[in-house]
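J.:
Protein chains: 2
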Amino acid sequence: MAAQRREPRKTRRVEAEAPRPRESVRARVHALLRARITSLELLPGAPLSENELAAELDVSRTPVREALILLGEESLVDVFPKLGTFVSRISVDAVLEAQFMREALELAALREAVTKSGAPDIAALRAILDAQRDALKAGDADGFFEQDEAFHRRLMEASGHRTLWRTVATAKAHLDRARRLSLPLPHRIETLVDEHTAVVDALERRDAARAEDALRGHLQGVFDDIGTIRASHPELFADPHEQPGSAPARPRVHPGLRA
Amino acid sequence: MAAQRREPRKTRRVEAEAPRPRESVRARVHALLRARITSLELLPGAPLSENELAAELDVSRTPVREALILLGEESLVDVFPKLGTFVSRISVDAVLEAQFMREALELAALREAVTKSGAPDIAALRAILDAQRDALKAGDADGFFEQDEAFHRRLMEASGHRTLWRTVATAKAHLDRARRLSLPLPHRIETLVDEHTAVVDALERRDAARAEDALRGHLQGVFDDIGTIRASHPELFADPHEQPGSAPARPRVHPGLRA
DNA sequence: CCGTCCGCACTTACATACAAGCCTTGTATG
DNA sequence: CATACAAGGCTTGTATGTAAGTGCGGACGG
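If you're matching them up, the sequences are chains D and E in order. According to the UniProt record's numbering, the first sequence is numbered sequentially starting from 1. According to the UniProt record's numbering, the second sequence is numbered sequentially starting from 1.
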């Protein structure tokens with residue numbers, strides 16, 4: 001495909017189409033690509049061309065490029081100068097670090113939530129659990145993950161920390177990519193909701209120790225699944241024994257998966 | 001000052017001046033501005049114009065803009081569309097969150113370091129402490145802070161987590177801006193080195209509980225100082241009762257401090 | 001004197017043009 | 001046939017041009 005054979009964009013937009021330009025183009029592109037990556041719609045290793053994306057989304061390269069830079073900061077893409085940008089492969093190190101970070105932050109927040117949370121928090125959490133069970137029954141994988149995200153996010157809010165979720169979400173993105181691959185295991189998923197429920201139960205009884213144990217076990221279990229996945233999808237993972245200081249697995253040729 | 005009265009940049013660079021263009025211009029600008037902000041060379045509230053910075057650094061607006069976007073992600077600058085970009089004021093909420101995050105991550109890492117660290121780690125840490133004491137005697141504030149950063153970074157490496165420092169450093173930046181203001185208190189500073197030493201001592205003895213207590217106390221003490229500072233420099237702090245959801249303290253007029 | 005309105009000077013957001021590096025592939029040569 | 005080489009097409013990096021929003025300040029009317 002030749003680049004940019006599309007007709008030049010009109011500099012003056014028709015006003016019928018832009019009711020809410022409140023959110024910047026960059027933010028929209030960033031959110032879109034992030035969703036595509038974490039949902040595995042874009043597989044690890046897939047190339048992301050600034051030109052192609054700009055053409056597809058009908059915007060200029062500038063906001064696309066800025067979005068890719070931000071995704072690079074989150075390690076969701078790897079940018080190789082003058083070579084190309086690719087969805088990052090799942091790095092064992094990155095997953096380990098993400099798991100560690102998530103565990104440390106969520107457990108610390110939970111300790112505070114035990115004393116700070118109130119009835120509205122518990123009610124909101126239980127509502128999310130109900131929705132998650134519904135999604136499970138309906139076989140709605142996307143909805144299930146949405147509610148999972150909502151649960152952990154709401155749990156952190158219950159601790160009074162409102163801005164910390166961004167950091168946890170960044171770490172969680174790496175774990176989620178791996179978890180998505182384990183979806184075909186339905187028995188595992190049912191367990192997850194039960195584990196969530198145990199956390200809320202302990203939280204409601206203000207039982208700090210039990211809440212902590214429940215959440216820790218839950219997070220550890222999620223992490224353990226990833227090892228199982230790796231065996232069946234090795235091409236999605238980065239070289240396991242890579243030195244972090246050295247060049248980060250530059251692809252010899254444009255790594256496959258194109259189209 | 002009128003914008004861009006500088007002569008047009010030569011598109012072809014003289015090659016005598018660029019021996020190592022390995023690091024992108026964006027990365028250099030980002031690092032430079034970050035250093036200026038965390039060192040308080042650029043005070044909270046100070047305006048950062050893409051045009052002015054591009055002219056001063058003799059680069060185009062593009063890498064400057066990209067660097068500012070990254071700093072915005074770290075909450076070190078606030079970008080108000082079509083209005084201006086300003087060094088972020090020290091937000092009490094942000095400092096609280098940074099403190100919480102740092103404490104959670106560093107303590108969790110320390111727990112692992114107690115079992116994983118070895119003699120080389122201890123030796124490296126003690127060397128850093130010596131350097132820190134030297135900087136203290138010499139009255140070298142910048143050097144002191146450098147060694148402080150090195151200490152905490154090395155401590156995290158001793159736990160085996162190599163990539164986690166980036167996250168901690170982002171949080172630490174907000175705390176450091178406040179701490180810089182407390183430098184005139186020399187008695188406090190001497191305490192800091194002693195606290196660091198206590199952590200290493202306990203770590204060497206593999207005394208997890210004592211190491212944890214020492215580090216927790218140290219981090220808490222650092223945090224307590226910030227409250228003291230706030231009284232004497234209120235203009236550097238954001239509105240204390242600001243709703244995080246609402247507009248983030250948009251400046252009525254370009255906030256002063258301009259040259 | 002005071003309020004209102006309008007334009008100007010500044011900003012960032014987005015679009016486009018140009019530069020430079022890497023890989024592939026076709027081609028010529030041994 | 002194998003290999004060296006060079007050109008071309010792709011990529012991202014940087015530079016610059018254009019659009020559009022915001023607040024300030026002066027002109028103007030009351």
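The beta carbon of each residue, even a glycine, is placed where N, CA and C say it ideally should be. Quantities reported herein were computed from a predicted structural model and do not represent experimental measurements.
Compute the Euclidean distance between the alpha carbons of residue 114 of chain E and residue 206 of chain E, then round it to the nearest angstrom.
T.: Near 5 angstroms, if we compare the C-alpha coordinates of residue 206 of chain E and residue 114 of chain E.
J.: According to DSSP, is residue 59 of chain D part of a helix, a strand, or is it coil?
T.: Of the three classes helix, strand and coil, the one that applies to residue 59 of chain D here is coil, per DSSP.
J.: If you run the structure through DSSP and keep just helix, strand and coil, what is residue 120 of chain D?
T.: Three-state result, residue 120 of chain D: helix.
J.: Which residues, in chain order, does the region 74 to 93 of chain E contribute to contact with chain D at a C-beta distance below 8 angstroms?
T.: Cβ contacts with chain D: 81, 93.
J.: Answer with buried or exposed for residue 45 of chain E, where buried requires no fewer than 16 other C-beta atoms within 10 angstroms of its C-beta.
T.: Buried: at least 16 other Cβ atoms inside 10 Å.
J.: With distances taken from CA atoms, which of D:214, D:112, D:172 is nearest residue 101 of chain D?
T.: Ranking the options by Cα distance to residue 101 of chain D, first place goes to D:172.
J.: Whole angstroms are fine: how far does the CA of residue 177 of chain E sit from the CA of residue 236 of chain E?
T.: Each residue's alpha carbon lies about 10 angstroms from the other.
J.: What residue range is occupied by the uninterrupted beta strand (DSSP E) comprising residue 143 of chain D?
T.: No beta strand (DSSP E) holds residue 143 of chain D; the alpha helix (DSSP H) holding it covers 141 to 158.
J.: Quick one: what does DSSP say residue 44 of chain E is sitting in, helix, strand or coil?
T.: In this structure, residue 44 of chain E counts as coil in the three-state DSSP scheme.
J.: Name the DSSP bridge partner or partners of residue 85 of chain E?
T.: In the DSSP output, where bridge partners are listed per residue, residue 85 of chain E has E:79.
J.: Please confirm whether residue 242 of chain E has its beta-carbon closer than 8 angstroms to some beta-carbon of chain D.
T.: Below a pLDDT of 50, predicted positions are generally treated as unreliable, and residue 242 of chain E, at 43, falls in that range; no measurement from the model is reported.
J.: To the nearest whole angstrom, what separates the beta carbons of residue 179 of chain E and residue 140 of chain E, a pair I think is in contact under 8 angstroms?
T.: Not really, about 16 angstroms apart at Cβ, beyond 8 angstroms.
J.: Please list the residues of the region 99 to 123 of chain D that have a C-beta atom closer than 7 angstroms to any C-beta atom in chain E, keeping them in chain order.
T.: So the close ones are 100, 101, 104, 105, 108.
J.: Using a Cβ cut-off of 9 angstroms, pull out every chain E residue sitting near residue 66 of chain D, in sequence order please.
T.: Within 9 angstroms Cβ-Cβ: 65, 66, 69.
J.: Please say whether residue 193 of chain E and residue 129 of chain E have beta carbons closer to each other than 8 angstroms?
T.: Going by C-beta atoms, residue 129 of chain E is nearer than 8 angstroms to residue 193 of chain E.
J.: Run down chain D in chain order and give the residues with a C-beta less than 7 angstroms from the C-beta of residue 161 of chain E.
T.: The answer, in chain order, is 97, 100.
J.: One question on the structure: do residue 136 of chain D and residue 195 of chain D come within less than 8 angstroms of each other, judged by their Cβ atoms?
T.: Contact flag unset, no.
J.: Please look up how many angstroms separate the CB atoms of residue 77 of chain E and residue 86 of chain E, rounded, as I've assumed it's under 8 angstroms.
T.: Their Cβ separation, rounded to whole angstroms, is 6 angstroms, which keeps residue 77 of chain E and residue 86 of chain E in contact under 8 angstroms.
J.: What first and last residue would you give for the alpha helix (DSSP H) that runs through residue 176 of chain D?
T.: Looking at the DSSP string, the run of the alpha helix (DSSP H) that includes residue 176 of chain D is 165 to 180.
J.: Can you tell me which of D:64, D:132, D:152 puts its alpha carbon nearest to the alpha carbon of residue 143 of chain D?
T.: Answer by Cα proximity: D:132.
J.: Given a threshold of 16 other Cβ atoms within 10 Å of its Cβ, counted over all protein chains shown, does residue 261 of chain D qualify as buried or as exposed?
T.: This structure cannot settle anything about residue 261 of chain D, because the visible part of chain D is limited to 1 through 259.
J.: Are residue 208 of chain E and residue 111 of chain E close, meaning C-beta to C-beta below 8 angstroms?
T.: Yes; because the gap between Cβ atoms is below 8 angstroms, this pair is in contact.
J.: What residues from chain D crowd round residue 164 of chain E, counting only those whose CB sits closer than 8 angstroms?
T.: Within 8 angstroms Cβ-Cβ: 97, 100, 101.
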